[in-house]
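Asker: Residue numbers (this note's numbering): 4 to 365.
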Ligand SMILES: *Cc1c(COP(=O)(O)O)cnc(C)c1O
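The structure is reproduced here in structure tokens:
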């Protein structure tokens, strides 16, 4: 059935091999693979859980982690919750997650309580905000950082596993030697002040991996968390391809349901489209327009690229995407399937949509 997302497990595995080589062999870091971009797809998760280079399997949603926690733990990998937990999910977190990222003491107290109830010791990574301004205790507020550590160390069922930072998400701040060095400095201060050793200083996501190639990842960063670089081969700091990776790990297929020659400018007074936006039209004269049966409910139109380079995406609505196939060398017919490679947004939405079938290349 279409629309369909073709997941190439061989390409994903070889991307994993490539990022593992950079992160572990060159960078000397442990490897945390992030599954949320592909909505923790079960076949992908199985491959990751069985890959010998992976140390941690992470997602932002407990619901996703639940689906693979058993397989991950069976293979000696810790499960990790990336999004700061909700109070409402504390009981599930201590059950399915081995390490959660935290920045709020009220939440860590709840995790302590819930961990006590089921007799486990729960690991927390204290998030430090180095300026991207999403999660974490602000790095300049050292008093707050030390106060949090002091209280965490009194909690019977919590283990302070380390500190971490997230960058290039909200504020689009690029990880550099100088800002990441602030994280290492904070880690060393905590260790000195409290006489402890932190297991992990986690230096960010796919936007940090480029620093290894440049030899600029600060000494002391000993973990990276990789989603997009593994799934699509992207260095997300500067949008370059990582050596040894490919980006066509996923192919979206959609079927043509209408094919007609019509003008390229709509006729009549222009209002707003289905999403309240005022559209812009380029006059291409009379063109061959193909409608494919997939829309904004299933994908991100700005994050997909036709494999046939002579096709242009003109626009779409909830359930339709309109293509200009005039210049293509292929004589398309109704019923033909058009293929696309995806960016992060397209991957996220197609993997999440219940209307998109999945198939696997193994
Ligand atoms: C999503 C996320 C990641 C992975 O990001 P990529 O850019 O896909 O590598 C890492 N850490 C945190 C906290 C995240 O939320």
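Note that the Cβ used here is the ideal one computed from N, Cα and C, for glycine as well. None of the values given here were measured: they were computed from a predicted structure.
Mapping DSSP to helix, strand and coil, what is residue 300?
Answerer: Coil.
Asker: Can you tell me whether residue 334 is buried or exposed? The criterion is at least 16 other CB atoms within 10 Å of its CB, across all chains shown.
Answerer: The residue in question, residue 334, is exposed, as its Cβ has fewer than 16 Cβ neighbours within 10 Å.
Asker: Alpha carbon to alpha carbon, how far is residue 152 from residue 189? Give it in angstroms, no decimals.
Answerer: Looking at the two C-alpha atoms, the distance is approximately 11 Å.
Asker: Alpha carbon to alpha carbon, how far is residue 304 from residue 143? Give it in angstroms, no decimals.
Answerer: Straight-line Cα distance between these residues: approximately 40 Å.
Asker: Taking just the CA atoms, how far does residue 12 sit from residue 263?
Answerer: One C-alpha to the other measures close to 37 Å.
Asker: Just checking residue 228 against ligand 1 - is the residue's beta carbon closer than 6 Å to any of the ligand's heavy atoms?
Answerer: Checking every heavy atom of ligand 1 against the Cβ of residue 228, one is found closer than 6 Å.
Asker: What alpha helix (DSSP H) runs, 4 residues minimum, are completely inside the region 257 to 298?
Answerer: Listed in chain order, there is nothing to give.
Asker: Does the beta-carbon of residue 272, which I'm using as the reference point, lie nearer than 6 Å to any heavy atom of ligand 1?
Answerer: No, since every heavy atom of ligand 1 falls outside the 6 Å radius drawn around the Cβ of residue 272.
Asker: Given a threshold of 16 other Cβ atoms within 10 Å of its Cβ, counted over all protein chains shown, does residue 286 qualify as buried or as exposed?
Answerer: Exposed, since its Cβ has fewer than 16 Cβ neighbours within 10 Å.
Asker: Which value, in whole angstroms, describes the spacing of the CA atoms of residue 5 and residue 324?
Answerer: Roughly 14 Å separates the two Cα atoms.
Asker: Pair every Cβ in the region 204 to 214 with every Cβ in the region 178 to 186, then say whether three or more of these pairs are closer than 8 Å.
Answerer: Touching, yes, given that three or more Cβ pairs across the two stretches are closer than 8 Å.
Asker: Is residue 211 close to ligand 1? I mean its beta-carbon at under 6 Å from any heavy atom of the ligand.
Answerer: Result no, Cβ not under 6 Å from ligand 1.
Asker: Identify the continuous beta strand (DSSP E) that holds residue 63 and give its terminal residues.
Answerer: It is not in any beta strand (DSSP E) - residue 63 carries neither H nor E in the DSSP assignment.
Asker: Where does residue 43 fall in DSSP's three states?
Answerer: Note: residue 43 maps to coil in three-state DSSP.
Asker: Just curious, the alpha helix (DSSP H) that residue 168 is in, first and last residue?
Answerer: No alpha helix (DSSP H) contains residue 168, which DSSP labels as neither H nor E.
Asker: Within the continuous alpha helix (DSSP H) that includes residue 213, where are the two ends?
Answerer: Where residue 213 is concerned, the enclosing alpha helix (DSSP H) stretches over 213 to 216.
Asker: Cβ atoms of residue 154 and residue 108: under 7 Å apart, would you say?
Answerer: The answer is yes: Cβ separation under 7 Å.
Asker: With respect to the alpha helix (DSSP H) encompassing residue 193, which residues constitute its N-terminal and C-terminal limits?
Answerer: 180 to 197 is the extent of the alpha helix (DSSP H) around residue 193.
Asker: Leaving aside the five residues before and after residue 9 along the sequence, list all residues of the same chain whose C-beta is less than 6 Å from its C-beta, in chain order.
Answerer: Only 254, 362 meet the Cβ criterion.
Asker: Can you name the start and end residues of the alpha helix (DSSP H) that residue 355 belongs to?
Answerer: Segment 347 to 355, the alpha helix (DSSP H) holding residue 355.
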